[in-house]
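Heads up, the thing below is written out as structure tokens.
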Amino acid sequence: MSRLILFTPLLVFGLGGIYLLRVFLDGSNTGPFYDNLLPELIGFCLEGFFLIGLFSLIQRRRERERKEELRLSLRGALRDILSHIDIGLLGENAEPSDSGALQEDNRVVAELIVKLAENPLTVTHMAKLKSVAQRNLTTIHDLIPVAAQLSADHIRWWLAITDSVRQLCDATDSGAVSLSLHHFLANLGEFDDLEL
394 MSRLILFTPL LVFGLGGIYL LRVFLDGSNT GPFYDNLLPE LIGFCLEGFF
444 LIGLFSLIQR RRERERKEEL RLSLRGALRD ILSHIDIGLL GENAEPSDSG
494 ALQEDNRVVA ELIVKLAENP LTVTHMAKLK SVAQRNLTTI HDLIPVAAQL
544 SADHIRWWLA ITDSVRQLCD ATDSGAVSLS LHHFLANLGE FDDLEL
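Read in our numbering, the sequence shown has 501 at position 108, and its numbers run on one by one without any break.
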């Protein structure tokens, strides 16, 4: 709908300018309208076409940047949980992922899913992760309106992420923790795959 609103005036100014330019270049028409007013109308159409196009591009770019900032703030709320998952899955002599990568790089979630499938967390790491989830659940829940500003799909997956964190907080055994953790990572992967 927003694209239709944008393209309608562009189409009107563009087609109007082309038609008036063809009339002007025809050369068979003479008179004060064709000599004075017609060039002004052509200029008006061209200015309208370029100004609307330019302003709409600037507005879309700003909107995209704002949405990216919102998405990064949402991902930042999950960085603590992702960091504890990453540390719990570290092999010998391995370095933990960079904090910025945990927040911004979508491939980290896919890597964590693979690592979790190959090497489950220990009970100690599960207990720490559950504690971190309990500490962050309120913040994650409070960010639902931020996700709603992105799109309906974003809020749908953010609600699924919030629910999986709540399940992680309520888990009473290692199987429930593993299942909620898999749901959390899968939901986050779907959230990351959405376009802004």
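By construction, the Cβ of each residue, glycine as well, lies at the ideal position given by its N, Cα and C atoms. No experiment lies behind these values; they were computed from the predicted model shown.
{"Check": "Burial state of residue 570, where buried means 16 or more other Cβ atoms lie within 10 Å", "Outcome": "buried"}
{"Check": "Residue range of the unbroken alpha helix (DSSP H) whose run includes residue 557", "Outcome": "545 to 563"}
{"Check": "Residue 561 versus 587, 578 and 414, residue with shortest Cα-Cα distance", "Outcome": "578"}
{"Check": "Residue range of the alpha helix (DSSP H) that includes residue 420", "Outcome": "Neither: residue 420 is in no alpha helix (DSSP H) and is coded neither H nor E."}
{"Check": "Local Cβ density within 10 Å of residue 424, reported as buried at 16 or more and exposed below that", "Outcome": "exposed"}
{"Check": "Backbone secondary structure at residue 390 - three-state DSSP", "Outcome": "The structure shown does not extend to residue 390, since the chain spans only 394 to 589, so no value can be given for it."}
{"Check": "Enclosing alpha helix (DSSP H) for residue 426 [first to last residue]", "Outcome": "Premise fails: residue 426 is in no alpha helix (DSSP H) and is neither H nor E."}
{"Check": "Residue 572 versus 490, 513, 584 and 422, residue with shortest Cα-Cα distance", "Outcome": "513"}
{"Check": "Residue range of the alpha helix (DSSP H) that includes residue 590", "Outcome": "Since the first residue of the chain shown is 394 and the last is 589, residue 590 is not available in this structure."}
{"Check": "Buried versus exposed, by CB contacts within 10 Å (16 or more), residue 636", "Outcome": "Nothing about residue 636 can be read from this structure; the chain reaches only from 394 to 589."}
{"Check": "Sub-8 Å separation of residue 589 and residue 460 beta-carbons", "Outcome": "yes"}
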